[in-house]
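The block underneath contains the structure these notes are about, expressed in structure tokens.
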Amino acid sequence: MRASSDAPVTRPGGGGAHESVAEETRAYFARSRSLVEAKLDELVPPETTEPLSVHAAIRWSLFAPAKRFRPTLLLAVGETFGARTERLLRAACAFEMIHTYSLVHDDLPAMDDDSLRRGRPTCHIKFGEAAAILAGDALQALAFQSIAEDETLDPRLRVALVSELARASGTPEGMVAGQAHDLAA
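Counting in our numbering, the sequence shown runs without a single skipped number right up to 252 at its last residue.
Right under this line is the structure:
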């Protein structure tokens, strides 16, 4: 989010600079969400691609109403340090895919057994447990593929990003380990 050199507009009834910053932040989130969702749509196979049930489950989960906080944060930090948005988008989408895969698996009966997420049936309720497991697995694979095939990035950076994302989402220190600790508690 780049700071504007213009003075904040004071609105009737107050608000001033704080309201201006809030509006700018909302606009940045909306723009980022739009960019991320468009790129996700490019990266994920359409529902008309076989296996239909898996791709429908992926899209049901990935395109559920969401704030897209994680990819927006990645974009904001990268842009703050001078990276071009186009070079950040695939990694931002990879983060969202990993997050969504974790939610799909977390909702399964063997984990938290949730039937609703964001006011809608969870993936396993709508598509069945097997399709939900495969959708989560595919989202994880697509996340790594998204970074590995990002030709805007130096190959060494791609490897480093894939490695770090795997570490953060796996075990012994990552998200999988955290889920295992939750289940054991």
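Yeah, the Cβ is synthetic: ideal placement off N, Cα and C, and Gly gets one too.
These figures come from a predicted structure and were not determined experimentally.
Closest by C-alpha distance to residue i, when choosing among the options
i: L201; options: H122, E104 and D221; result: H122
i: D249; options: F136, C190, F148 and D173; result: D173
i: A177; options: P112, T167 and A199; result: A199
i: T152; options: V171, T219 and A208; result: T219
Close Cβ partners of residue i (< 8 Å) along its chain, the five nearest in sequence each way excluded
i: L141; result: L155, A158, A159 and F162
i: F194; result: S120, A123, A124, W127 and A202
For residue j and residue i, believed in contact at Cβ under 8 Å, the rounded distance
i: A247; j: G241; result: Rounded, the Cβ-Cβ distance is 10 Å, inconsistent with contact.
i: I165; j: L232; result: 6 Å
i: L206; j: Y168; result: 4 Å
Residues near residue i in its chain [Cβ-Cβ closer than 7 Å; skip 5 each side]
i: V267; result: In the structure displayed, the chain extends from 68 to 252; residue 267 sits before or after that span and is not available.
i: G237; result: V243
i: A70; result: A caution first: A70 carries a pLDDT of 40, below 50, which makes its placement in the model unreliable, though a value can still be read off. Excluding positions up to five away in sequence, the list is empty.
i: T189; result: D174, D181, S182 and L183
Unbroken alpha helix (DSSP H) run spanning residue i, endpoints
i: V111; result: Element bounds for V111: n/a, residue is neither H nor E.
i: P138; result: F136 to T147
i: D249; result: M242 to A251
i: S236; result: P222 to S236
Sequence-distant residues of its chain with Cβ nearer than 6 Å to residue i (five each side left out)
i: T139; result: F96 and S99
Beta carbon proximity, residue i to chain B, threshold 8 Å
i: R234; result: Note that chain B does not occur in the displayed structure, where there is just one protein chain.
Answer yes if the segment 155-167 comes into contact with the segment 209-225, meaning at least three C-beta pairs across the two stretches below 8 Å, and no otherwise. Verdict: yes, contact present.
Check whether the segment 127-135 and the segment 168-185 are in contact - that is, three or more C-beta pairs closer than 8 Å. Counting C-beta pairs closer than 8 Å gives three or more between the segment 127-135 and the segment 168-185, which meets the contact rule.
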